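Q: Let me give you the structure first, and then I'll get to my questions.
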Amino acid sequence: MHANETKTDAALVRRLLAAQFPAWADLPVGPVRSSGTVNAIYRLGTDLTVRLPRVEGGSRDVATEHRWLPRLAPHLPHAIPAPLAQGVPGEGYPWSWSVCRWLDGANPGAGAAGAELACDIAEFVLALRHVDTTDGPPAFRSEPLAARDTATRGALDALHGVIDTGAAADAWAAALRAPAPEGPAVWVHGDLQPGNVLVTGDGRLSAVIDFGCMGLADPAVDLIPAWYLLRAEARPTFRTRVGADPATWERARGWALSIALMELSYYRTSNPVMAGTARRVIGEVVGERG
């Protein structure tokens, strides 16, 4: 998926474990099929997972997750990853990496969730939003929405003939007209889309994973599941539960659109699942503006 991606396999995981965490070296190791773009995931035994960043940027997230996830977890109503060990470069692998607890659950279908998951996600977002922000790092998406204008329009240019770029540009322009946030930055997950959410067999939220984008930002950033996860009829429930005012909701729509445009442009040929989700989100946002 990335030009500078580091290749990994189960044999590498075994070598890293043997060298750095020998107590786990004899456990079975197997790759986890995922559409994720930052980490290669391996299941270790039945209760653990090994996360190997594919690129240097993902490696920088490891220390942040090890520092902050244990501090956030007690304040949140649903499970999040529990980092157990932080690995270092070795055996030909150049980045930091981690061992975490395995969390059960399945990824929900993009745009398929109803009101019950809307309520669960809202509860999680609100709990995270109210965690003390002292010394919190800026989120990966901590910039003002307007700061994404050049990159978003670049993605639009790259998608001519792929989507209705005129309608998408109109929706983007409308989002940029929304007032800026009035309050301070809050804790956000930063990437609440299907691959980072786990649900139970009956569709309720069981865990939220992959906190590589977490930090302090506009609360609108964590409203993107309205378009990434939820059916249209469930969005009002989510909006009501999180208490989003018109300006915040319009910025959230802009965040969802901008992220999806960049994802579709970048992953259109390399990650069909990610590209398909992004295309659907763009259609939902544009359809609301139609």
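For my numbering, count along the sequence shown from 1 and bump the result up by 333.
C-beta atoms are modelled at their ideal positions from N, C-alpha and C, and glycine is treated no differently.
Source: prediction; values computed, not measured.
1) Anyone know if the C-beta pair for LEU531 and LEU461 falls short of 8 Å?
2) In whole angstroms, give me the CA-to-CA distance for THR570 and GLY576.
3) How many angstroms separate the CA atom of MET595 from the CA atom of LEU538?
4) Please classify ARG572 as buried or exposed, where buried requires at least 16 other C-beta atoms within 10 Å of its C-beta.
5) Pick out whichever of ARG486, LEU509, ALA511 and PRO407 has its Cα sitting closest to the Cα of GLY499.
6) Helix, strand or coil for TRP435? Go by DSSP, reduced to three states.
7) Going along the chain, which residues of its own chain have a beta-carbon closer than 7 Å to the beta-carbon of VAL614, five neighbours each way excluded?
8) So what's ARG568 in DSSP terms, helix, strand or just coil?
9) Any beta carbon from chain C within less than 8 Å of VAL521's own beta carbon?
10) Work out the CA separation of SER429 and THR581 for me, nearest whole Å.
11) Is the CB-CB distance between LEU360 and LEU377 below 8 Å?
A: In short:
1) Residue 531 sits at position 198 when you count from the first residue of the sequence shown. Residue 461 sits at position 128 when you count from the first residue of the sequence shown. Taking C-beta atoms as the reference points, LEU531 and LEU461 fail to come closer than 8 Å.
2) Here the question's residue 570 lines up with position 237 in the sequence shown. Here the question's residue 576 lines up with position 243 in the sequence shown. When rounded, the distance between both Cα atoms is 10 Å.
3) Here residue 595 refers to the residue found at position 262 when the sequence shown is read from its first residue. Here residue 538 refers to the residue found at position 205 when the sequence shown is read from its first residue. So the alpha carbons of these two residues sit roughly 27 Å apart.
4) Residue numbering aside, residue 572 sits at position 239 when the sequence shown is read from its first letter. Buried.
5) Here residue 499 corresponds to residue number 166 of the sequence shown, with the count starting at 1. Of ARG486, LEU509, ALA511 and PRO407, the residue nearest in Cα terms is ARG486.
6) As a first step, residue 435 must be located in the sequence shown, where it is residue number 102. In the three-state DSSP reduction, TRP435 falls in the coil class, being neither helix nor strand.
7) Numbered from 1 along the sequence shown, position 281 holds the residue referred to as residue 614. Listed in chain order, the non-local C-beta contacts of VAL614 below 7 Å within the same chain comprise TRP560, TYR561, ALA589 and ALA593, local neighbours out to five positions each way being set aside.
8) Residue 568 sits at position 235 when you count from the first residue of the sequence shown. Looking at ARG568 - three-state DSSP - the assignment turns out to be helix.
9) The structure shown contains no chain C; it holds only a single protein chain.
10) The sequence position of residue 581 within the sequence shown is 248, counting from 1. The sequence position of residue 429 within the sequence shown is 96, counting from 1. The alpha-carbon atoms of THR581 and SER429 are separated by roughly 36 Å.
11) Mapped onto the sequence shown, residue 360 falls at position 27. Mapped onto the sequence shown, residue 377 falls at position 44. It is a contact, given that the beta carbons lie within the stated cut-off.
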